[in-house]
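Reviewing the structure listed below.
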Amino acid sequence: MRDVLTTMARLAWKFINHQAIGRPRGEGHIPQGILRDDFVAPSAAERLVAMVYAKTIGQPFESEFMPPTFSPVPAPAPVLGLSKVRVALVTDGGLVPKGNPDKIAPYAATNWGAYDISGLDDLHGEDYEVSHRGYDTRYVEQDPDRLVPVDVLRELERAGVVGKLHDCFVSTSGLANQIANSRRLGREIAEKLKAEGVAAVILTST
Amino acid sequence: MPVAKMVGSNRIVQGGGIVHVLGDPNLPQEEEKKLRHDILKRAFDALQHTAENG
Chain A
5 MRDVLTTMAR
15 LAWKFINHQA
25 IGRPRGEGHI
35 PQGILRDDFV
45 APSAAERLVA
55 MVYAKTIGQP
65 FESEFMPPTF
75 SPVPAPAPVL
85 GLSKVRVALV
95 TDGGLVPKGN
105 PDKIAPYAAT
115 NWGAYDISGL
125 DDLHGEDYEV
135 SHRGYDTRYV
145 EQDPDRLVPV
155 DVLRELERAG
165 VVGKLHDCFV
175 STSGLANQIA
185 NSRRLGREIA
195 EKLKAEGVAA
205 VILTST
Chain B
4 MPVAKMVGSN
14 RIVQGGGIVH
24 VLGDPNLPQE
34 EEKKLRHDIL
44 KRAFDALQHT
54 AENG
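Note that the protein sequences, when read in sequence, are chains A and B.
If you count the first sequence from 1, you need to add 4 to reach the working numbering.
If you count the second sequence from 1, you need to add 3 to reach the working numbering.
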C-alpha cells in the first residue's frame with residue numbers, strides 16, 4: 005500500500021506540474037496502450053532479430069507490439085430443455101445463396117444475411133457460394149453442410165434432441181474486420197434471433 | 004481456437020479444420036456425416052453445461 009501510494013503521489017506530482025511521464029515499466033503505472041514515437045539506436049531489423057534470438061533460446065524479451073486485449077465476456081447460462089427449444093445456425097464463414105443477394109463483402113463485411121432453410125433437409129453446393137477471402141472455400145462450396153450443418157441438425161430435430169431448427173441461418177464474413185464493427189454485427193444478429201424466439205445458437209467459425 | 008479464446012468465447016468446440024469446420028472431405032460420406040454429428044454433439048453438451056467467463 006505504502007509503495008503504491010508513493011508511486012501514485014510521484015506520478016500525480018509530475019502530472020500537475022506538466023512534467024513528462026515516462027514508460028510504465030520505469031514509472032510504475034499501469035500500461036495504457038499509448039504509443040509514442042521514440043528514437044533508438046538499433047534498427048528495427050536488429051531489434052527484431054534480437055527478439056527472435058531471445059525467444060529461440062528461451063530468454064525473456066519485450067515485444068514492441070501488444071496484441072489487443074478484450075474485456076471478459078460473462079458466460080450465458082446453460083440451455084435448459086434443449087429438446088424443447090429453438091436452435092439457430094450462425095456462421096462467420098460467409099456462406100450465401102448463389103448471387104450473394106445481400107452483397108456481403110468477402111472481408112471487412114458491414115452486414116449479415118438471414119437465409120431461409122425451412123423445408124430443407126440438406127444444403128446443396130449448386131445453390132450456394134462463399135463470400136470470404138480468408139480460407140480455401142472449395143470444400144464448403146462442394147457441400148455447404150460442412151459449414152452450416154443443416155443435414156445433421158434436421159436429423160437431431162426429428163430425433164427430438166433439439167426442439168426446432170430455426171427457419172433461417174445467419175451468415176456474415178468474419179475477416180479483417182474492425183472490432184467495433186464485429187461487435188455491432190454480433191449484437192444485431194443476437195437481437196434478431198432473440199426476438200424470433202431462438203434459445204441456443206451454434207456458431208461455426210472458419 | 005486461438006482467436007475464439009482471445010476474444011473471450013465461453014463455449015468453444017474444436018471442429019474439423021478451418022476449411023471444413025464440420026466435415027472432412029477425405030472421409031466417405033457416411034463417416035463424414037458421423038464426424039459432423041460428433042462435433043455437434045460436443046457443441047450441444049457444452050451449451051447444456053455451465054461455462055466459465057471468457
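Note that the Cβ used here is the ideal one computed from N, Cα and C, for glycine as well.
Within the segment 36 to 94 of chain A, the runs of alpha helix (DSSP H) that reach at least 4 residues and sit entirely inside it are, in chain order, 48 to 60. S135 (chain A) is classed as buried because its beta carbon has at least 16 other beta carbons within 10 Å across all chains shown. Residues of chain B whose Cβ lies closer than 8 Å to the Cβ of T210 (chain A) are, in chain order, I21, V22, V24. Considering only A:V144, A:V83, A:S87, the residue with the shortest C-alpha distance to G164 (chain A) is A:S87.
In summary, S122 (chain A) is exposed, with fewer than 16 beta-carbon neighbours lying within 10 Å of its beta-carbon over all protein chains present.
An exposed status is given to R6 (chain A), since fewer than 16 other beta-carbon atoms sit within 10 Å of its beta-carbon.
Distance from Y111 (chain A) to S177 (chain A) at the Cβ level is roughly 6 Å; contact confirmed, criterion being Cβ atoms closer than 8 Å. The C-beta of E55 (chain B) comes closer than 8 Å to at least one C-beta of chain A. The closest CA to that of E133 (chain A), considering only A:D147, A:D126, A:D120, A:L124, is found on A:D147.
CA-CA distance, P28 (chain A) to N115 (chain A), rounds to 39 Å.
At a C-beta separation below 8 Å, L43 (chain B) has these neighbours in chain A: P153, V156, L157, L160, I206.
For Y143 (chain A), the neighbours in chain B by C-beta distance under 8 Å run, in chain order, V22, H23, G26, P28.
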